[in-house]
Amino acid sequence: DATAAATGNGEAVVHLFQWTWDAVANECTDFLGPRGFGAVKVSPPQEHVVIPYAEGGNHPWWQDYQPVSYRIDNTRRGTAEEFEAMVSTCADSGVKVYVDAVINHMTGDGSGTGSAGTEWAKYDHPDLFGDGGAGYDRADFGPCYEEIADWNDKWEVQNCQLVGLADLDTADPRVRAQIRRYLNDLVDMGVAGFRVDAAKHVPEEHIGAILSDLHEVPVFGGRPEIYQEVIGDQTIPYTAYTPYGDVTAFDYQRDISGRFANGDISGLAHLPDYGGLSDEQATVFIDNHDSQRYHPTLTFKDGDRYYLATAFMLAHPYGTPVVMSSYDFGDNVTEGPPSTGSEPGNPAGWITEDADCSDSEWVCEHRHPAVAGMAAFRNATGDTPVVQRATDGASRLAFDRGDRGFAAFNASGGTWNLTADTALPDGSYENAAGSGTLTVADGRVSARVPANGAVALHVGGTCDDSAECGGGTDPG
Ligand code: LM2
Ligand code: CA
Numbered sequence: 039d040a041t042a043a044a045t046g047n048g049e050a051v052v053h054l055f056q057w058t059w060d061a062v063a064n065e066c067t068d069f070l071g072p073r074g075f076g077a078v079k080v081s082p083p084q085e086h087v088v089i090p091y092a093e094g095g096n097h098p099w100w101q102d103y104q105p106v107s108y109r110i111d112n113t114r115r116g117t118a119e120e121f122e123a124m125v126s127t128c129a130d131s132g133v134k135v136y137v138d139a140v141i142n143h144m145t146g147d148g149s150g151t152g153s154a155g156t157e158w159a160k161y162d163h164p165d166l167f168g169d170g171g172a173g174y175d176r177a178d179f180g181p182c183y184e185e186i187a188d189w190n191d192k193w194e195v196q197n198c199q200l201v202g203l204a205d206l207d208t209a210d211p212r213v214r215a216q217i218r219r220y221l222n223d224l225v226d227m228g229v230a231g232f233r234v235d236a237a238k239h240v241p242e243e244h245i246g247a248i249l250s251d252l253h254e255v256p257v258f259g260g261r262p263e264i265y266q267e268v269i270g271d272q273t274i275p276y277t278a279y280t281p282y283g284d285v286t287a288f289d290y291q292r293d294i295s296g297r298f299a300n301g302d303i304s305g306l307a308h309l310p311d312y313g314g315l316s317d318e319q320a321t322v323f324i325d326n327h328d329s330q331r332y333h334p335t336l337t338f339k340d341g342d343r344y345y346l347a348t349a350f351m352l353a354h355p356y357g358t359p360v361v362m363s364s365y366d367f368g369d370n371v372t373e374g375p376p377s378t379g380s381e382p383g384n385p386a387g388w389i390t391e392d393a394d395c396s397d398s399e400w401v402c403e404h405r406h407p408a409v410a411g412m413a414a415f416r417n418a419t420g421d422t423p424v425v426q427r428a429t430d431g432a433s434r435l436a437f438d439r440g441d442r443g444f445a446a447f448n449a450s451g452g453t454w455n456l457t458a459d460t461a462l463p464d465g466s467y468e469n470a471a472g473s474g475t476l477t478v479a480d481g482r483v484s485a486r487v488p489a490n491g492a493v494a495l496h497v498g499g500t501c502d503d504s505a506e507c508g509g510g511t512d513p514g
């Protein structure tokens with residue numbers, strides 16, 4: 039409705055990793071908007087290298103993290119027109135589009151022709167915007183031209199090369215101006231936020247300078263949301279970046295995914311400020327596109343326990359949650375997304391197929407029954423506090439969210455027959471983290487919480503009572 043379009047749905051983000059622009063647009067309309075998800079994070083939209091074969095896979099997914107120019111036309115995910123149409127279609131459903139912004143570096147060794155036809159070499163990107171007006175040459179890189187060797191040396195981590203990728207000289211005002219032009223062009227199209235790729239490898243004050251005074255976001259208003267990818271450590275803490283936007287809480291990711299994997303969750307009602315990041319500053323996630331490949335503590339491959347962890351993330355108010363949505367890469371961490379093969383009109387010679395959640399190649403974690411209703415739970419519960427209501431051993435936890443919601447999590451192999459006090463008003467509620475209806479009577483709730491499953495009840499929410507919304511309750 040008009041209110042949703044103007045204000046957005048809520049804060050829950052879904053990362054539709056490698057989805058085409060057309061498929062993202064459809065998902066905004068068909069699912070994310072009606073379900074109350076507030077934003078979709080999309081894969082990098084700028085022109086990228088084309089790598090026909092690498093380390094066991096054709097056109098690896100990580101092509102996209104090697105920019106050739108800042109043109110958004112003709113990537114593996116679609117054209118500029120399709121990108122713009124996606125942004126406006128998603129806005130019509132109250133869903134913001136966040137772009138994965140690769141600003142630390144350009145390409146690795148070698149040379150070639152990018153996805154949109156731009157010639158490139160490692161230190162030579164002659165046409166950044168497709169108008170012949172601006173380029174990068176060797177002087178725009180550095181000051182370090184070698185691989186990061188000592189990860190305890192802050193200067194090296196921020197100025198030398200990450201996996202051999204040509205590191206932009208982000209101290210240089212001309213470089214900053216090109217990056218800002220790229221970001222502002224996206225904002226002007228309606229892009230409402232950025233995940234800043236490899237932010238830790240850009241000196242924090244450079245991030246501050248590049249991101250200061252970005253344009254106002256059309257439709258939604260305000261400055262773009264920012265979340266910076268920082269894997270904090272003793273050399274470069276997460277908090278170095280908090281003046282410039284939110285920061286990825288990898289300490290949360292490791293702790294929460296590990297605890298759900300081990301069934302050790304009863305202490306999670308009250309969470310610490312992971313890595314020093316407050317509730318307001320933290321971006322939280324159970325896995326991301328890197329961890330699911332390289333450090334897979336808990337991913338879709340683990341089944342129910344993974345979805346339980348995701349439901350918990352959405353039910354607990356700490357941080358801004360990002361739900362991972364993947365394609366099935368099997369055992370091949372390099373494997374690119376399912377593709378249509380060669381198609382005329384695509385300079386790369388092939389394009390990614392439109393994601394289809396009824397096709398098992400596209401996992402669609404965000405549509406799992408334990409997850410799909412939980413954006414509405416989060417929207418209904420807002421910032422109401424967590425009040426612990428029950429535990430049972432190490433693997434079971436139930437809490438209220440003020441008088442707006444109640445949730446119970448069972449990371450064990452047996453059903454949890456639970457009776458607990460709740461501040462939820464008496465009444466009948468759909469289970470937003472599964473199926474069925476539960477009753478609250480005389481301030482008590484009784485539930486059979488399934489093995490490795492959850493129940494989540496809430497008032498209000500953005501869903502109306504339409505069939506499509508499923509778990510909708512009284513819209514309040
Ligand atoms: C990120 N965050 O900081 C992304 O989340 C991560 O996915 C990116 O790595 C990385 N930073 C750079 O943006 C991925 C992928 C790497 C891949 C790079 C560049 O994980 O394996 O590196 O993208 O495409 C590849 C090769 C690597 C080679 C490099 C340069 O795997 O062996 O290094 O290209 O040619 C010599
Ligand atoms: Ca750098």
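In terms of the UniProt record's numbering, the sequence shown is residues 39 to 514. Glycine residues also receive a C-beta, built at the ideal position from the N, C-alpha and C atoms.
Going by DSSP, Pro359 is part of the beta strand (DSSP E) stretching over Thr358 to Ser363. Gly246 is not a Cβ neighbour of Asp205, given a cutoff of 8 Å. In this structure, His163 has its CB at a distance of at least 7 Å from all heavy atoms of ligand 2. Contact between Ala461 and Gly440 holds, with the beta-carbon distance rounding to 7 Å and staying under 8 Å. 8 Å or more divides the Cβ of Arg343 from the Cβ of Ala432. Boundaries of the beta strand (DSSP E) around Tyr467: Gly465 to Glu468. Relative to ligand 1, the beta carbon of Gln104 is positioned inside 7 Å of a heavy atom. In summary, Gln330 is buried, with 16 or more beta-carbon neighbours lying within 10 Å of its beta-carbon over all protein chains present. Relative to the non-hydrogen atoms of ligand 1, the Cβ of Val88 never comes closer than 7 Å to any of them. Taking the C-beta atoms as reference points, Leu352 is found no nearer than 8 Å to Ala428. Of all C-beta pairs linking the stretch 47-56 to the stretch 71-81, three or more are shorter than 8 Å, placing the two stretches in contact. Taking all protein chains in view, the Cβ of Ala187 is surrounded by fewer than 16 other Cβ atoms within 10 Å, so the residue is classified as exposed. Shortest gap from the CB of Thr145 to any heavy atom of ligand 2: 7 Å or more. Taking non-hydrogen atoms of ligand 2 into account, the C-beta of Val268 is found less than 7 Å away from none of them.
Distance check between Asp175 and each of Glu194, Thr277 and Asp210 places Asp210 closest, using alpha-carbon atoms only. When only Cα atoms are considered, Val125 and Gly452 end up about 44 Å apart.
Less than 8 Å divides the Cβ of Ile264 from the Cβ of Gly231.
Looking at His496, Glu373, Asp289 and Asn96, the one whose alpha-carbon comes closest to that of Thr422 is His496.
Under the 8 Å Cβ criterion, the stretch 309-328 counts as touching the stretch 274-291, having at least three qualifying pairs. In the same chain as Tyr332, and ignoring 5 residues on each side of it, the C-beta atoms closer than 8 Å to its own belong to Val371, in chain order. When only Cα atoms are considered, Trp454 and Pro334 end up about 28 Å apart. The continuous stretches of beta strand (DSSP E) do not include Asn96, and DSSP gives it neither H nor E. Per DSSP, the continuous alpha helix (DSSP H) segment holding His244 begins and ends at Glu242 to Leu249. Taking C-beta separations shorter than 7 Å and ignoring five residues to either side along the sequence, the partners of Gln56 in its chain run Ser81, Trp99, Tyr365, Pro375 and Thr390, following chain order. Spanning the alpha carbons of Val234 and Leu476 requires a straight line of approximately 42 Å. Minimum Cα-Cα distance from Ala470 among the listed residues Ala408, Glu318, Thr280 and Ala458 corresponds to Ala408. As the crow flies, the alpha-carbon of Gly148 is around 21 Å from that of Gly168. Collapsing the DSSP output to three states places Arg214 in a helix. When rounded, the separation of the alpha-carbon atoms in Val493 and Ile303 is 15 Å. Per DSSP, reduced to three states, the secondary structure at Ala446 is strand.
Membership of Gln426 in the beta strand (DSSP E) is indicated by the continuous run Val424 to Thr429. Per the coordinates, the alpha-carbon of Asp191 lies some 52 Å from the alpha-carbon of Ser473.
A Cβ-Cβ separation of about 6 Å places Ile324 in contact with Leu336 under the 8 Å criterion.
Leaving aside the five residues that flank Glu242 on each side, the residues in its chain whose CB is nearer than 6 Å to its CB run, in chain order, Ala278 and Tyr279. In the displayed model, Thr58 falls within coil according to three-state DSSP, outside both helix and strand. With fewer than 16 other Cβ atoms inside 10 Å of its own Cβ, Asp328 counts as exposed.
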